[in-house]
Amino acid sequence: MAAEQVQASGGAQAATTQLGDLPEACLAQAIALTSPRDACRCAAVSPAFRAAADSDHVWRAFLPPQLDRKPTVVLQPAPPAARSKSKSKKEAYLGLCDAAGAAALEGEDGGCRVWLERATGARCYALSARRLSLPWDDGEFCWKFAPHPRSRFAEVAELVDCTCLDIYGALPAAALTPAAPYAAYFVYGTADGGHRGLSYPDQETAVAVGGRVVARHAVCLRPDDAEAREFRGGGEDEPRRPRLREDGWWEVEMGRLGEVMTSAAGGEEVVASFEVLGWYPKRGLIVEGIEFRPVVHG
1 MAAEQVQASG GAQAATTQLG DLPEACLAQA IALTSPRDAC RCAAVSPAFR
51 AAADSDHVWR AFLPPQLDRK PTVVLQPAPP AARSKSKSKK EAYLGLCDAA
101 GAAALEGEDG GCRVWLERAT GARCYALSAR RLSLPWDDGE FCWKFAPHPR
151 SRFAEVAELV DCTCLDIYGA LPAAALTPAA PYAAYFVYGT ADGGHRGLSY
201 PDQETAVAVG GRVVARHAVC LRPDDAEARE FRGGGEDEPR RPRLREDGWW
251 EVEMGRLGEV MTSAAGGEEV VASFEVLGWY PKRGLIVEGI EFRPVVHG
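Using full-length UniProt numbering, the first residue of the sequence shown is number 1, and each one after it goes up by one.
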């Protein structure tokens, strides 16, 4: 009889055991295998889950390895005034999700900046105009570099005058987060004094991985419907149009890479290019850079 009571007592105790009764270290280990978005959802389940989900163990797993393992290239730390003496790994993660304050890469001239996509932790990159290949066929004075109040970089490039316009930027495929779907974006503006040659619908973007073109699109940086009809007769497919960003720059999607698999790390590059196909005078384009960002749905 006593044995039966003990078994019944043990069975009742087992029945009331909850997932939240697991040690915090076990919960943290499981949550660290998910994503930043899932960790934030777990924090709303219960106080026990919140303690585990907000722990340094979880958010260290979402930070780029450069922060904790000190490879050759590391992220520059934030200025002393911006650092807290007791900054948690979650705070460090959220600080790296700000595109406007993206960290420069140590060893670079500030021409490449990286930040994290908040929901997934995938790495985002911005290449400055100094890091891009710009055409100089029309002479050394066809571009001028100068600071810009809205730019994250020390300088932007303004097109003074040219006839051949072909711009591209490259990034090692291994720098991108594996298995994340990426897209490339051309970020630009136009000069206060006006522009020329940017409204015609004979502009094209392309994205290649390891020398293989994976996307090609017709675009137009400054769409003008009347000018387009006069130039081409209005019979062609509508080119991609740009959008105005919250930071005041314009951007146009250059193309999607799909999922960059780990096997792409063997020295391959991702190259995004913008080209104006017509040979006629162009000026007034301000190039801020090219961004590589994961495509996030929902």
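Where is the CB? At the ideal position from N, CA and C, for every residue including glycine.
(message) Whole angstroms are fine: how far does the CA of A92 sit from the CA of T262?
(response) Residue numbering aside, residue 262 sits at position 262 when the sequence shown is read from its first letter. Residue numbering aside, residue 92 sits at position 92 when the sequence shown is read from its first letter. Low confidence applies here, because T262 scores a pLDDT of 44, under 50, leaving its location unreliable and the question unanswered by this model.
(request) Report the three-state DSSP secondary structure of K89 (helix, strand or coil). (result) For the purposes of this step, residue 89 is identified with residue 89 of the sequence shown, where counting begins at 1. Residue state, collapsed to three classes: helix.
(request) Go ahead and pull the three-state DSSP assignment for R283. (result) Counting from one through the sequence shown, the residue named residue 283 turns up at place 283. R283: strand per DSSP, three-state reduction.
(request) Tell me whether R222 sits in a helix, a strand or coil according to DSSP, three-state version. (result) As a first step, residue 222 is located in the sequence shown; it is residue number 222 there, counting from the start. Coil at R222, not helix or strand.
(message) Using CA atoms only, rank isn't needed, just tell me which of L257, P223, E238, G258 is closest to L244.
(response) Numbered from its first residue, the sequence shown carries residue 244 at position 244. Answer by Cα proximity: P223.
(message) If you reduce the DSSP assignment to three classes, tell me which class D56 lands in.
(response) Here residue 56 refers to the residue found at position 56 of the sequence shown. Helix at D56.
(message) Per the DSSP calculation, F292 is bridged to which residue(s)?
(response) What you label residue 292 is simply residue 292 of the sequence shown in a count that begins at 1. Paired residues: Y125, A184.
(message) Taking a contact to mean a Cβ-Cβ separation below 7 angstroms, would you say W279 touches T163 in this structure?
(response) Looking up residue 279 in the sequence shown gives position 279. Looking up residue 163 in the sequence shown gives position 163. In this structure, T163 lies closer than 7 angstroms to W279 by Cβ.
(request) On a CA-only basis, which of G197, L171, A179 is nearest V209? Give me that one, please. (result) Translated into the one-based positions of the sequence shown, residue 209 becomes position 209. For V209, the nearest C-alpha among the options comes from L171.
(request) Note down, in chain order, each residue of its chain lying with its Cβ closer than 6 angstroms to the Cβ of A180, except the 5 sequence neighbours on either side. (result) In the sequence shown, residue 180 corresponds to position 180, counting from 1. So the qualifying residues of the chain are A122, P294.
(message) Tell me which residues share the same chain as R130 and place their Cβ nearer than 6 angstroms to its Cβ, disregarding the 5 neighbours each side in the sequence.
(response) Sequence index remark: in the sequence shown, residue 130 carries index 130 (1-based). Hits under 6 angstroms: G111.
(request) Grab me the residues of G234's own chain with a C-beta within less than 6 angstroms of its C-beta, minus the 5 sequence neighbours each way, in chain order. (result) Here residue 234 corresponds to residue number 234 of the sequence shown, with the count starting at 1. Caution applies to G234, whose pLDDT of 48 falls short of 50 and renders its modelled position unreliable; the model cannot decide the point.
(request) Write down the C-beta distance between A175 and E253 rounded to the nearest angstrom, noting that I regard them as a contact closer than 8 angstroms. (result) Residue numbering aside, residue 175 sits at position 175 when the sequence shown is read from its first letter. Residue numbering aside, residue 253 sits at position 253 when the sequence shown is read from its first letter. About 20 angstroms separates the two Cβ atoms, so there is no contact after all.
(message) Taking 6 angstroms as the limit between beta carbons, can you name the residues of its chain near D166, skipping five residues before and five after?
(response) By one-based count along the sequence shown, residue 166 stands at place 166. These residues qualify, in order along the chain: P135, E275.
(request) Answer yes or no: do H195 and T205 have a C-beta to C-beta separation smaller than 7 angstroms? (result) Translated into the one-based positions of the sequence shown, residue 195 becomes position 195. Translated into the one-based positions of the sequence shown, residue 205 becomes position 205. No, the Cβ-Cβ distance between H195 and T205 is not below 7 angstroms.
(message) Out of L159, V160, L27, L132, which one is the CA nearest neighbour of F153?
(response) Translated into positions along the sequence shown, residue 153 becomes position 153. Closest by alpha carbon: L132.
(message) Mapping the DSSP letters down to three states, classify F141 as helix, strand or coil.
(response) Mapped onto the sequence shown, residue 141 falls at position 141. Coil at F141, not helix or strand.
(request) Locate the alpha helix (DSSP H) running through P36, then write down its first and last residues. (result) Reading the sequence shown from its first residue, position 36 is the one you call residue 36. P36 -> alpha helix (DSSP H) spans 36 to 42.
(request) Measure from the alpha carbon of P23 to the alpha carbon of each residue in L221, A52, G248, then state which is nearest. (result) For this step, residue 23 is matched to residue 23 along the sequence shown. Residue A52 is the option with its Cα nearest to P23.
(request) Within the same chain, show all residues whose beta-carbon is closer than 7 angstroms to that of F90, passing over the 5 residues directly before and after it, in chain order. (result) For the purposes of this step, residue 90 is taken as residue 90 along the sequence shown, with counting starting at 1. The residue you asked about is not Phe; residue 90 is Lys in the sequence shown. Same-chain partners within the cutoff: D54, W59.
(message) As a quick exercise: from G267, D21, L159, G255, pick the residue whose alpha carbon is nearest that of S273.
(response) In the sequence shown, the residue the question calls residue 273 occupies position 273. It is G255.
(message) Going by DSSP in three states, G258 sits in which element: helix, strand or coil?
(response) Taking the sequence shown and counting its residues from 1, the one referred to as residue 258 is at position 258. Strand.
(request) Please determine, among D247, W249, E246, L221, the residue with the shortest C-alpha to C-alpha distance to P239. (result) The residue you call residue 239 lines up with position 239 of the sequence shown. Of the candidates D247, W249, E246, L221, the one whose C-alpha sits nearest the C-alpha of P239 is L221.
(request) Return the first residue and the last residue of the beta strand (DSSP E) that E238 is part of. (result) Your numbering for residue 238 matches position 238 in the sequence shown. Run containing E238: none; DSSP gives neither H nor E here.
(request) Measuring alpha carbon to alpha carbon, tell me which of R241, H57, E269 ends up nearest L257. (result) Residue 257 sits at position 257 when you count from the first residue of the sequence shown. Checking every option, the nearest Cα to that of L257 belongs to E269.
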